[in-house]
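In the numbering used here, the protein residues as written are 242 to 407.
C-beta atoms are modelled at their ideal positions from N, C-alpha and C, and glycine is treated no differently.
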Amino acid sequence: MTFPGARLSSDARPARRDHYAGPVDDAAEVARRCAETMYAQDKVAQDLAMEIAEIAPGRARVRMAVAETMVNGFGIAHGGYVFLLADSAFAYACNTHDAVTVAASADVVFVASARSGDVLEATAAERVRYGRSGIYDVTVRRVPDGEVIAEFRGGSRSRDRRVIGG
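Spelled out as structure tokens, the structure:
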């Protein structure tokens with residue numbers, strides 16, 4: 242999968258079965274197409290060179306390098322950028338079901354600091370969907386040591402529009 246302006250890991254692609262084993266996993270393909278459609282219009286993700294490392298139904302893993310312009314007066318990554326990364330992973334995860342879904346709530350706990358040059362990775366996972374609502378947890382870690390930088394919980398609300406279907 243390729244998104245303009247982003248580097249994608251090979252694990253971001255859904256596994257395909259050969260033509261003898263049956264059709265492509267439809268849910269994984271829908272998730273991939275939703276992320277591709279969103280990324281094409283996501284100017285923030287593009288400008289910050291975010292990388293979608295993994296996409297699957299109800300899941301997303303997004304990476305971002307902390308640039309010099311993202312640090313605050315104490316020389317650490319501004320919490321707004323850490324929140325933005327977590328919120329982006331949340332958005333990609335909750336839109337994998339082809340229903341335009343927006344944030345209804347979000348909460349973040351900053352656990353450790355990051356610095357310019359650090360690569361951060363946000364892993365979002367769907368916990369539950371009920372009616373038009375959902376709850377997603379996101380962990381932001383520093384790569385490659387895996388130290389937790391922040392924990393984020395988002396509440397979502399689906400709209401009456403499709404991501405890839407119009």
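Cβ neighbour criterion (16 or more within 10 Å) applied to residue i
i	result
residue 310	exposed
residue 369	exposed
residue 270	exposed
residue 273	buried
Which listed residue (the options) has its alpha carbon closest to that of residue i
i	options	result
residue 348	374, 288, 328	328
residue 302	375, 383, 339	383
Residue i versus residue j - alpha carbon distance
i	j	result
residue 295	residue 318	24 angstroms
residue 397	residue 385	30 angstroms
residue 356	residue 388	13 angstroms
residue 354	residue 390	6 angstroms
residue 361	residue 367	20 angstroms
residue 314	residue 345	31 angstroms
residue 350	residue 332	18 angstroms
residue 288	residue 267	31 angstroms
residue 308	residue 359	8 angstroms
residue 281	residue 322	20 angstroms
residue 279	residue 335	12 angstroms
residue 299	residue 312	31 angstroms
residue 393	residue 375	14 angstroms
Alpha helix (DSSP H) segments (min. 4 residues) lying fully within the region 310-335 | Listed in chain order, they are 320-335.
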